[in-house]
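Everything on this sheet refers to the single structure shown next.
Number of protein chains: 2
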Amino acid sequence: MQAPVLSISRRTRRTPFTRRVNEAGVKGYTVYNHMLLPTFFRSVEEDYWHLREAVQIWDVSCERQVEVRGPDAQRLMQLLTPRDLSEMPIGQCYYIPIVDETGGMLNDPVALRLEEDRFWISIADSDLMFWVKGLAAGMRMDVAVSEPDVSPLAVQGPKADDVLANVFGDQVRNIKFFRFEPLLWQGHEYMVARSGYSKQGGFEIYVPDSSLGETIWDAVTEAGKPHDIYPGGPNLIERVEGGLLSYGNDMTRENTPHECGLGKFCQTADAIGCIGRDALIRVIMEGPRRQIRGLRIDSKDVGNPIEPYPVTCDGEEAGQVTSAAWSPRLETTVAIGMIEADYWEPGTEVTVETPNGSRAAEVVKLPFPQK
Amino acid sequence: MQAPVLSISRRTRRTPFTRRVNEAGVKGYTVYNHMLLPTFFRSVEEDYWHLREAVQIWDVSCERQVEVRGPDAQRLMQLLTPRDLSEMPIGQCYYIPIVDETGGMLNDPVALRLEEDRFWISIADSDLMFWVKGLAAGMRMDVAVSEPDVSPLAVQGPKADDVLANVFGDQVRNIKFFRFEPLLWQGHEYMVARSGYSKQGGFEIYVPDSSLGETIWDAVTEAGKPHDIYPGGPNLIERVEGGLLSYGNDMTRENTPHECGLGKFCQTADAIGCIGRDALIRVIMEGPRRQIRGLRIDSKDVGNPIEPYPVTCDGEEAGQVTSAAWSPRLETTVAIGMIEADYWEPGTEVTVETPNGSRAAEVVKLPFPQK
Chain A
1 MQAPVLSISR
11 RTRRTPFTRR
21 VNEAGVKGYT
31 VYNHMLLPTF
41 FRSVEEDYWH
51 LREAVQIWDV
61 SCERQVEVRG
71 PDAQRLMQLL
81 TPRDLSEMPI
91 GQCYYIPIVD
101 ETGGMLNDPV
111 ALRLEEDRFW
121 ISIADSDLMF
131 WVKGLAAGMR
141 MDVAVSEPDV
151 SPLAVQGPKA
161 DDVLANVFGD
171 QVRNIKFFRF
181 EPLLWQGHEY
191 MVARSGYSKQ
201 GGFEIYVPDS
211 SLGETIWDAV
221 TEAGKPHDIY
231 PGGPNLIERV
241 EGGLLSYGND
251 MTRENTPHEC
261 GLGKFCQTAD
271 AIGCIGRDAL
281 IRVIMEGPRR
291 QIRGLRIDSK
301 DVGNPIEPYP
311 VTCDGEEAGQ
321 VTSAAWSPRL
331 ETTVAIGMIE
341 ADYWEPGTEV
351 TVETPNGSRA
361 AEVVKLPFPQ
371 K
Chain B
1 MQAPVLSISR
11 RTRRTPFTRR
21 VNEAGVKGYT
31 VYNHMLLPTF
41 FRSVEEDYWH
51 LREAVQIWDV
61 SCERQVEVRG
71 PDAQRLMQLL
81 TPRDLSEMPI
91 GQCYYIPIVD
101 ETGGMLNDPV
111 ALRLEEDRFW
121 ISIADSDLMF
131 WVKGLAAGMR
141 MDVAVSEPDV
151 SPLAVQGPKA
161 DDVLANVFGD
171 QVRNIKFFRF
181 EPLLWQGHEY
191 MVARSGYSKQ
201 GGFEIYVPDS
211 SLGETIWDAV
221 TEAGKPHDIY
231 PGGPNLIERV
241 EGGLLSYGND
251 MTRENTPHEC
261 GLGKFCQTAD
271 AIGCIGRDAL
281 IRVIMEGPRR
291 QIRGLRIDSK
301 DVGNPIEPYP
311 VTCDGEEAGQ
321 VTSAAWSPRL
331 ETTVAIGMIE
341 ADYWEPGTEV
351 TVETPNGSRA
361 AEVVKLPFPQ
371 K
């Protein structure tokens, strides 16, 4: 059977870079926030090596921005997350778990503080704007919530500094991790953050107008030629090795931040004004009963789960594997899963039920060794 | 260049019927509400003729249900929509535009009233639950909002009554349009509605548990054999001919219900309690400045727009085409677009800018002739 094609329409939105992505011979797409997200160009494995060794340009426009602006912006932002935002400086990125009133994860975005009363929330795959607008409308807050025409373009890999210095000047080298700066290029202001969905280092350029997309894509590509730049995208092998979670894959609305190992981003006990506070205080009192862990699976034929793979230990239910990939570097299948408390100690030997049969596995800490 | 494949993971959720859909040789998928939606099986054109002449089984699990239940259910439902729900009987389906506080469309679902204080909202492609939960939490309503494990399975086409009578008994023949009834089958209760996203007649079966998916799929398939049943999906040609709008394609948050031709579902002037009331009263006072129309385009090479095609008239901007397909029956390209007031009279001759060049077109009423 031939693999089904992806039926594309206006609803699966193109990005400012889609034409360039297609010209570069993209081989896989997924749909993310109702938008096309390129998944690989040569092969997932080739892209993996190239990302670790050189530098890539990624169309991550699908990280849509929810802009929150106005007198109640700070209060609304704090309502969304258990992370304490009271000291968040302008020019700072924060990874913020977003929870509902029961403490269930609704998204795990990166927030940027642009001004005292103006934020962007760079979202994972759910219509977070609907939740933010609903709360703001229901509480009659004095705040404007919108999706601006802003599309992130990521430059990831060890050569990212050299490439972006060629475009924006050497000042990019001084941008600290999870900080961003407005940089002028050809008469337009681009927010440039040292961030991105890989562990190889790099930047995200927030392109402020769709009409600028191909110009900046071409400039980055040209500047990257000496460094073997090539298009890529969030890479399954690399992000599992790095322990980078994927909302909808590794966690859903069912999970609390504490189950996701994000307890360090929860200052819930302080009365900071998060809507999920009461539920999360209860979670802290009782402790999570399951948590995200890494797993090494001794088999090459595991595949990435489309439905979670059950994990057992001596015949008892021990959790599930939610993401998995063969690592050609570590020569094992690396995986992320949600593991029950009785089995989550690193070193625990478990069994993973894959479509190809039961496979032996070991619970490990995240991230996997990077070198 | 080979067409990019769709990268599938847990995040692009499988349905209770996905295994059967794959076995039947699905050729296209899209992602809808973070879930796989089959788009065609033989070809869009073959599927079109078969849908009109025989009967099809559709995996429309992606029409997820938002369940609203509790003392404030009626009040919350009315907050969501300008359609008057005060007389909505139990067992009734209502097509309800959902608007935000500015009157912008957030979804165009079908609501089902299950009990006095319990509704399902069978949603189009946006995370409507986030909006509903946000409003309910922000206003501290006494209501539970959830996504139950309910997956619609549609049976569409002229032979649908005969097929479902073979499964559920002759009582299905008496279900009136947009009514639903709980029917017992093999010990489980299925809501069966006379509804669906085609103009060929038929039903939607709300399968109440994922574990029942393959059983009911197989039973419907077996019952349909004498009637040449085959899997299908929402068909681009058929739905454009029928004037069935697609949220995200033909309308977005930018549009009001009145622009979408849904004014008849807006009883905004009565103080019914919709959050978009004030904005929509203003729209009614001024009248919409653009509205959904059909277009006949005299060319076979138009294709379905991935980005809207501009529409002009004597060099002036006249609107845009948002969906289009060659109709082998009407021997013209049928299209849906948003047309400015000066040009929306049926019979107006306009020009559509397609990737293959300018094409002459005529504004027409929707739906297109069905016979």
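Top to bottom, those sequences are chains A and B. Numbering-wise (my numbering), the first sequence opens with residue 1 and increments by one. Numbering-wise (my numbering), the second sequence opens with residue 1 and increments by one. Idealized CB from N, CA, C, for every residue including glycine.
Check the C-beta distance from residue i over to residue j and give it rounded, since I have them as a contact under 8 Å.
i, j, result
"B/G242", "B/D142", "No, B/G242 and B/D142 are not in contact; Cβ-Cβ is about 40 Å, not under 8 Å."
"A/L446", "A/I96", "Since the first residue shown for chain A is 1 and the last is 371, residue 446 of chain A is missing from the structure and cannot be characterised."
"A/V99", "A/P257", "6 Å"
"A/A154", "A/G196", "5 Å"
"B/M129", "B/V150", "Rounded, the Cβ-Cβ distance is 13 Å, inconsistent with contact."
"A/E331", "A/P288", "A/E331 to A/P288, Cβ: 32 Å. No contact."
"A/E147", "A/R64", "6 Å"
"A/S86", "A/I272", "7 Å"
How big is the Cα-Cα spacing for residue i and residue j?
i, j, result
"A/I306", "A/R118", "38 Å"
"B/C274", "A/C274", "27 Å"
"A/E286", "A/W120", "34 Å"
"A/T16", "A/I57", "Reading off the sequence, residue 16 of chain A comes out as Pro, not Thr. Their backbone Cα atoms lie some 14 Å apart in a straight line."
"A/M126", "B/L37", "In the sequence under discussion, the amino acid at residue 126 of chain A is Ser, which differs from the Met named in the question. A/S126 and B/L37: Cα-Cα distance of roughly 17 Å."
"B/L164", "B/L212", "17 Å"
"A/Y32", "B/Q171", "42 Å"
"B/P346", "A/S9", "26 Å"
"A/S431", "A/P328", "Shown here, chain A extends from 1 to 371; a query on residue 431 of chain A therefore has no answer."
"B/P308", "A/F177", "39 Å"
"A/V283", "A/T102", "10 Å"
"B/G315", "B/T322", "20 Å"
"B/Q191", "B/L112", "The sequence shown places Met at residue 191 of chain B, rather than the Gln named in the question. Their Cα atoms are separated by approximately 10 Å."
"A/L245", "A/S122", "15 Å"
"B/L183", "B/Q92", "15 Å"
"A/V334", "A/A325", "6 Å"
"A/D225", "B/V311", "Sequence inspection shows Lys at residue 225 of chain A; the Asp mentioned does not correspond to that position. For A/K225 and B/V311, the distance between alpha carbons rounds to 40 Å."
"A/E82", "A/M88", "Reading off the sequence shown, one finds Pro at residue 82 of chain A, where the question assumed Glu. Distance between the alpha carbons of A/P82 and A/M88: 13 Å."
"B/R13", "A/I292", "20 Å"
"B/V363", "A/D209", "32 Å"
"B/T215", "B/N166", "15 Å"
"A/L51", "B/R296", "48 Å"
"B/C266", "B/I175", "26 Å"
"B/V350", "B/W49", "29 Å"
"A/P217", "A/G28", "This sequence places Trp at residue 217 of chain A; Pro is not what is there. Those two C-alpha atoms are separated by around 19 Å."
"A/V396", "B/T39", "Beyond the ends of chain A as shown, which are 1 and 371, falls residue 396 of chain A; an answer cannot be given."
When we look at the beta-carbon of residue i and count the other beta-carbons within 10 Å, is it buried (16 or more) or exposed?
i, result
"A/P231", "buried"
"A/N249", "buried"
"B/N356", "exposed"
"B/K264", "exposed"
"A/K371", "exposed"
"A/K365", "exposed"
"B/R173", "exposed"
"A/Q73", "Note that residue 73 of chain A is Ala in the sequence shown, not Gln. It counts as buried."
"B/A223", "buried"
"A/S61", "buried"
"A/P4", "buried"
"B/S198", "buried"
"B/E67", "buried"
"A/G319", "buried"
"B/D47", "buried"
"B/G337", "buried"
(message) Whether or not the segment 198-209 of chain A and the segment 148-160 of chain A are in contact is what I'm after, with contact meaning three or more pairs of Cβ atoms, one per stretch, closer than 8 Å; do they touch?
(response) In the pairwise beta carbon analysis, the segment 148-160 of chain A is classified as touching the segment 198-209 of chain A: at least three pairs are separated by under 8 Å.
(request) Scan the segment 195-275 of chain B and note each continuous alpha helix (DSSP H) run of 4 residues or more that stays entirely inside, going in chain order. (result) Listed in chain order, they are 213-224 and 236-241.
(message) Count Cβ pairs between the segment 19-39 of chain B and the segment 326-342 of chain A that sit closer than 8 Å; are there 3 or more?
(response) Cβ pair count under 8 Å is below three, so no.
(message) For the segment 252-262 of chain A against the segment 102-119 of chain A, do three or more pairs of beta-carbon atoms, one drawn from each stretch, fall closer than 8 Å, so that the two count as touching?
(response) Touching, per the Cβ criterion.
(message) For a minimum of 4 consecutive residues, which ranges assigned as the alpha helix (DSSP H) are wholly contained in the segment 117-152 of chain A?
(response) Unbroken alpha helix (DSSP H) runs of no fewer than 4 residues, entirely contained in the segment 117-152 of chain A, are found at 128-138, following chain order.
(message) Quick check for students: name the residue ranges of the beta strand (DSSP E) that lie wholly in the segment 91-115 of chain A, counting only runs of 3 or more.
(response) As far as the segment 91-115 of chain A is concerned, its whole beta strand (DSSP E) runs of at least 3 residues are 93-95, 105-107 and 110-115.
(message) Check whether the segment 36-56 of chain B and the segment 234-241 of chain B are in contact - that is, three or more C-beta pairs closer than 8 Å.
(response) With the cut-off at 8 Å, the segment 36-56 of chain B and the segment 234-241 of chain B touch.
(message) I'd like to know if the segment 123-137 of chain A and the segment 126-141 of chain B are in contact, where contact means that at least 3 CB-CB pairs between them fall below 8 Å.
(response) Taking one beta carbon from each stretch, the segment 123-137 of chain A and the segment 126-141 of chain B have 3 or more pairs nearer than 8 Å; the two touch.
(request) State whether the segment 291-305 of chain A contacts the segment 351-367 of chain A, with contact taken as three or more CB pairs (one from each stretch) at a distance under 8 Å. (result) Cβ pair count under 8 Å is three or more, so yes.
(message) For a minimum of 3 consecutive residues, which ranges assigned as the beta strand (DSSP E) are wholly contained in the segment 53-98 of chain B?
(response) With a minimum length of 3 residues, the continuous beta strand (DSSP E) runs that stay inside the segment 53-98 of chain B are 56-59, 65-69 and 93-95.
(request) Write down every uninterrupted run of the alpha helix (DSSP H) in the segment 300-362 of chain B whose length is 4 residues or greater and which is fully enclosed by it, in chain order. (result) List check, alpha helix (DSSP H) in window: nothing returned.
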